[in-house]
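Peer 1: Before I ask anything, let me first share the structure, which is written out below as structure tokens.
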Amino acid sequence: MNFRLTLILLTLLVTSVSQAEQTAMADIKAPTDLANIHVVKLYSDKHASDFIVFVKKSVPLHKHAFHSETIYILEGTGIMRRGDETFEVKPGDFIKVPEGTPHAVKTTSEMPLKALSIQAPEFFGKDRIPVK
């Protein structure tokens, strides 16, 4: 996806979230006893499921056979793998993961990585396939 299209999609995503919703997302904090991954469900319907995901250490390499995932980094930094590419992520980054694409992340900041994750269609947690 080219940079301009990514920027347009990101602008649509951010502007479609009300100020109250943005404040609510900012107010969601990682638990003080976070071992590794903590997920907070924000909303779900038949079209998509929205989550805030905190990652203290890493998310292992996996894929979704029937879901695409859109990730927007809110806090922290990390190294992400998507398919054959590896890149740094930081607040404000927008990452699109097409269905069937292996992906993983390792947190590099002292604070947990905090991301908005949107799975489409609705995600029930069962379409997560480990990849070796």
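Numbered by mature numbering (1 follows the signal peptide of the UniProt record, and there is no 0), the letters in the sequence shown go through residues -20 to -1, 1 to 112 in order. We put the CB at the ideal spot given by N, CA and C, even for glycine. Remember, predicted model here, so these are calculated numbers, not experimental data.
1. Whole angstroms are fine: how far does the CA of threonine 57 sit from the CA of phenylalanine 104?
2. Using only the alpha-carbon positions, how far apart do phenylalanine 31 and aspartate 107 sit?
3. My output table needs one value for aspartate 30: the three-state DSSP class, helix, strand or coil.
4. In the stretch 49 to 92, which residue ranges form an unbroken beta strand (DSSP E) of at least 3 residues, counting only runs that do not cross its ends?
5. How many angstroms separate the CA atom of isoleucine 59 from the CA atom of aspartate 25?
6. Do the CB positions of isoleucine 75 and alanine 28 come within less than 7 Å of each other?
7. Thinking just about the alpha-carbon of each residue, which of Lys37, Ile17, Ala100 and Lys86 is nearest to the one in threonine 66?
8. Going by beta carbon distance, what residues of the same chain come within less than 7 Å of alanine 95, once the five residues before and after it are set aside?
9. Taking the CB atoms as reference points, tell me whether isoleucine 8 and valine 20 lie closer together than 7 Å.
10. Straight-line CA distance for histidine 42 to proline 110?
11. I'd like to know whether the C-beta atoms of arginine 61 and alanine 84 end up nearer to each other than 7 Å.
12. Would you tell me roughly how many angstroms separate the C-alpha atoms of aspartate 64 and threonine 81, rounded to the nearest one?
13. When burial is assigned at 16 or more other CB atoms within 10 Å of the CB, is glutamate 90 buried or exposed?
Peer 2: Answer, in terms of the structure:
1. On the sequence shown, residue 104 is found 124 positions in, with the first residue counted as 1. On the sequence shown, residue 57 is found 77 positions in, with the first residue counted as 1. Answer to the nearest angstrom: the Cα atoms are 27 Å apart.
2. The residue you call residue 31 lines up with position 51 of the sequence shown. The residue you call residue 107 lines up with position 127 of the sequence shown. CA-to-CA, the gap between phenylalanine 31 and aspartate 107 works out to about 15 Å.
3. Here the question's residue 30 lines up with position 50 in the sequence shown. Note: aspartate 30 maps to strand in three-state DSSP.
4. Runs of the beta strand (DSSP E) inside the stretch 49 to 92: 58 to 62, 65 to 69, 74 to 77 and 83 to 87.
5. Position 79 of the sequence shown, counted from the start, is the residue given in the question as residue 59. Position 45 of the sequence shown, counted from the start, is the residue given in the question as residue 25. As the crow flies, the alpha-carbon of isoleucine 59 is around 30 Å from that of aspartate 25.
6. As a position in the sequence shown, residue 75 is number 95, starting the count at 1. As a position in the sequence shown, residue 28 is number 48, starting the count at 1. Isoleucine 75 places its beta carbon 7 Å or farther from that of alanine 28.
7. Taking the sequence shown and counting its residues from 1, the one referred to as residue 66 is at position 86. Nearest option by C-alpha distance: Lys86.
8. Here the question's residue 95 lines up with position 115 in the sequence shown. If we look at alanine 95 and ignore the five residues flanking it on each side, its Cβ neighbours are Val33, Ile51, Tyr52, Ile53 and Leu54.
9. Working through the sequence shown from its first residue, we reach residue 8 at position 28. Working through the sequence shown from its first residue, we reach residue 20 at position 40. It is a contact, given that the beta carbons lie within the stated cut-off.
10. Position 62 of the sequence shown, counted from the first residue, corresponds to residue 42. Position 130 of the sequence shown, counted from the first residue, corresponds to residue 110. Roughly 4 Å between the two C-alpha positions.
11. As a first step, residue 61 must be located in the sequence shown, where it is residue number 81. As a first step, residue 84 must be located in the sequence shown, where it is residue number 104. Going by C-beta atoms, arginine 61 is nearer than 7 Å to alanine 84.
12. Within the sequence shown, the letter at position 84 stands for residue 64. Within the sequence shown, the letter at position 101 stands for residue 81. Cα-Cα distance, rounded: 9 Å.
13. Numbered from 1 along the sequence shown, position 110 holds the residue referred to as residue 90. Label assigned to glutamate 90: exposed.
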